Amino acid sequence: ETGVTQSPTHLIKTRGQQVTLRCSSQSGHNTVSWYQQALGQGPQFIFQYYREEENGRGNFPPRFSGLQFPNYSSELNVNALELDDSALYLCASSLGSPGLNTQYFGPGTRLTVL
Amino acid sequence: QKEVEQDPGPLSVPEGAIVSLNCTYSNSAFQYFMWYRQYSRKGPELLMYTYSSGNKEDGRFTAQVDKSSKYISLFIRDSQPSDSATYLCAMSGNTGFQKLVFGTGTRLLVSP
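These protein sequence lines are chains B and X, in that order.
Under the working numbering, the letters of the first sequence match residues 1001 to 1114, in that order.
Under the working numbering, the letters of the second sequence match residues 1293 to 1404, in that order.
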């Protein structure tokens, strides 16, 4: 069984640029959630995708957007990067059945915005 | 006030000690409770998963949920230096939408 993978591992961007982060879900999982974890904080929910559609969103502006593909892999796009976007971005996959809230996380992508 | 409160620590204990980690929460809709372990610069790893109130044991780890007090705990018996990590509590409601709400994490240091 393959776990959740994310790419790239690290990324450095400058303010105003755009970035795309990628996630491959665990085998058999059809739901992908994205979280932002600032240094010293717990992960904050960005949004979730279930069967290629957004299935809920946290308190993040529209410049954070995503996609899920037919193979259930996913992308997180962030436009007009700000310094405060510097964080560890985590992807988690799960099986989208009622009552099964077990989410398995990938290793994350560390984004630094200069 | 945050939905989930967790003491950031650090909590320092000697090897072999019993560790108690705790979270309180304010949202009575939370039904699912999880503990994740996160090593430095890594993604969170699921340790324990509990639905509603009660206890759950897995090896050296015991998770407790007291919904009447809105209080959850994780106990680690016979702690090892390899247990040194940040422990995150997480919870979610009973809907088809699986948003997890995390605490800030407690940093645990187990010294040999």
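Where a beta carbon is used, it is the ideal one built from N, C-alpha and C, also for glycine.
In this text the structure is predicted, and so the values were computed from the model without any measurement.
| query | result |
| --- | --- |
| Alpha-carbon spacing of THR1005 (chain B) relative to GLN1017 (chain B), whole angstroms | 24 Å |
| Three-state secondary structure (DSSP) of SER1374 (chain X) | helix |
| Cutoff 9 Å: GLN1298 (chain X) Cβ touching any chain B Cβ | yes |
| According to DSSP, residues forming a beta bridge with VAL1004 (chain B) | None; VAL1004 (chain B) has no bridge partner. |
| Stretch pair the stretch 1086-1096 of chain B + the stretch 1021-1032 of chain B: three plus CB contacts closer than 8 Å | yes |
| Proximity of VAL1357 (chain X) and PHE1325 (chain X) at Cβ, strictly below 9 Å | yes |
| Neighbour list for PHE1394 (chain X) in chain B, Cβ cutoff strictly below 9 Å | TYR1035, GLN1037, GLN1041, GLY1042, PRO1043, GLN1044, PHE1045 |
| Where the stretch 1327-1343 of chain X meets chain B: residues whose CB sits under 8 Å from a CB there | TYR1328, ARG1333, LYS1334, GLY1335, PRO1336, GLU1337, LEU1338, TYR1341, TYR1343 |
| Proximal residues to GLY1003 (chain B) (C-beta, below 6 Å), its chain only, five neighbours per side dropped | GLN1026 |
| Where THR1102 (chain B) meets chain X, residues with beta-carbon distance less than 7 Å | LEU1338, TYR1341 |
| Residue-chain proximity (PRO1107 (chain B), chain X), Cβ-Cβ < 9 Å | yes |
| Secondary structure, beta strand (DSSP E): runs of 3+ residues fully inside the stretch 1305-1331 of chain X | 1311-1317, 1322-1330 |
| Short-range partners of chain X found in the stretch 1047-1077 of chain B, where Cβ spacing is below 8 Å | GLN1048, ASN1055, GLY1056, GLY1058 |
| GLN1036 (chain B) - containing beta strand (DSSP E), residue span | 1031-1037 |
| Proximal chain X residues relative to THR1031 (chain B), where beta-carbon distance stays under 9 Å | GLN1390 |
| Buried or exposed by the 16-neighbour rule on C-beta atoms within 10 Å, applied to ARG1333 (chain X) | exposed |
| Check whether LEU1076 (chain B) and ILE1046 (chain B) have beta carbons under 9 Å apart | yes |
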